[in-house]
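What follows is a set of notes on a single structure, which appears directly below.
Numbering (full-length UniProt numbering), first residue to last: 1 to 396.
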């Protein structure tokens, strides 16, 4: 899958297309089935794969699965824009397709078996002017041979000019051949239009009331005026911080020479999982990933920081936010002017944001997380929206 995509991109000759051709060439619409692809991870027969994908809990490493999903999303997007449904021929226009964001990945409450084949399939379900949504699913057989769906993912892909990443390049539209395809396209189009509206918004009156009631309760416990007091079932949000720093090596690069988005998702998931496990004092399971944003490319050699916080809790469910930043002053000299060494602060540039919903498997009532500062209050409300949406969507 990766090698065929790389060969397809390598055939691209951007200089052979004029600007007029890029802007006016007719692009025939595709059907959903045109881009459909299936990929199998042979865990039942390949012992080397089994070792690579084996988790500490004797299950399958979900971080490795995220890398495969990102590869698959890019592959499907290129197939959608191919002439004959394969990547054997050059692309119809010179374009670079990258992951802009991951709208959502929902994990079903079924644990993956480390020695059974994993099947990933996917197709383009929405195509705009220069953006696409790729819907992916993951399956695995159970002990009696029934095929079960284990997750569903929605990737947002964008098409850019290989010679100038700031320029958009048109993609092939999408047309329906059946009523079911029309329903899928229309639903996805509406979801695409509303994307991000649930989290990137001003606090509502109801949310202001939630914060007011919470702090009234905390202050009401103290004999000293305006001093918030936590109980033994609560924890300040800033105390949940867990971080890791990486040097970005060439082995993590994608076909464009940037750091592979699947690697970033894997590192963020592993950090979020570790944070949630420590916070819940026991084993946790991931239930959803939401609003994953790729804001800026990460270069080889960058110093990459991942910072995680528990932003909201509800019973046995925990919302974790991971922010990725870079701080390499040799590659980004403009950062040196923004540093405040006397305050111990280091200037950074935001590159990615990840949001995870975790479920505590062993502890049904985890500590309630409480924001102490305004910036954490904003994260608290965002986490509350995301977790509530996840519970409505996937918890029966």
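Note that beta-carbon positions come from the ideal geometry of N, C-alpha and C, so glycine has one too. Here the structure is a predicted model, which is why all the values come from computation and not from measurement.
In the DSSP annotation of this structure, residue 268 is not part of any beta strand (DSSP E); the continuous alpha helix (DSSP H) holding it starts and ends at 261 to 280. Residue 12 carries a coil assignment under DSSP once its states are collapsed to helix, strand and coil.
In the assembly as shown, residue 381 is a buried residue. Its beta-carbon has 16 or more other beta-carbons within 10 Å. Looking only at 130, 175, 244 and 191, the smallest Cα-Cα distance to residue 273 is reached by 244. By the criterion of at least three beta-carbon pairs nearer than 8 Å, the segment 45 to 55 is not in contact with the segment 78 to 89. Inter-segment contact for the segment 262 to 277 and the segment 300 to 320 is present: three or more beta-carbon pairs are separated by less than 8 Å.
With fewer than 16 other beta carbons inside 10 angstroms of its own, residue 164 counts as exposed. Counted as a single uninterrupted DSSP element, the alpha helix (DSSP H) harbouring residue 211 occupies residues 205 to 220. Scanning its chain for C-beta atoms nearer than 6 Å, with the 5 sequence neighbours on each side dropped, one finds around residue 125 the residues 133, 135, 184 and 188, in chain order.
Here the segment 352 to 367 lies against the segment 284 to 295, with 3 or more beta-carbon pairs under 8 Å apart.
In this structure, residue 37 keeps its C-beta atom at 8 Å or more from the C-beta atom of residue 174. By alpha-carbon distance to residue 120, the top candidate from 64, 85, 144 and 222 is 64. The continuous alpha helix (DSSP H) containing residue 379 extends over residues 374 to 394.
Assignment of beta strand (DSSP E) within the UniProt domain "HotDog ACOT-type" (30 to 163), counting only whole runs of 3 or more residues, yields 37 to 41, 96 to 107, 118 to 127, 131 to 141 and 147 to 161 in chain order. Residue 171 sits away from residue 71, with the two beta carbons spaced by 8 Å or more. For residue 360, the enclosing beta strand (DSSP E) stretches over residues 349 to 360. Here residue 140 is buried, its C-beta having at least 16 other C-beta atoms within 10 Å. Contact annotation: the segment 20 to 27 touches the segment 88 to 102, with at least three C-beta pairs closer than 8 Å.
Taking 8 Å as the cut-off, the Cβ atoms of residue 8 and residue 87 count as close. For the 8 Å CB-CB criterion, residue 307 and residue 387 do not form a contact. Annotation: the continuous beta strand (DSSP E) that includes residue 234 extends over 234 to 236.
With fewer than 16 other Cβ atoms from the protein chains shown falling within 10 Å of its own Cβ, residue 374 counts as exposed. Pairing residue 12 with residue 252, the inter-Cα distance amounts to about 23 Å. Bridge pairing for residue 312: 319 [DSSP].
The criterion of a C-beta distance shorter than 8 Å is not satisfied by residue 210 and residue 160. Counting only residues of its own chain and dropping the five nearest sequence neighbours on each side, residue 85 has a CB closer than 6 Å to the CB of 34. Linking residue 223 to residue 310 through their CA atoms gives a straight-line distance of about 29 Å. Distance check between residue 166 and each of 96, 228 and 215 places 96 closest, using alpha-carbon atoms only.
Residue 352 places its beta carbon less than 8 Å from that of residue 294. Taking the Cα of residue 62 as reference, the smallest distance to any Cα among 271, 324, 361 and 282 is reached at 271.
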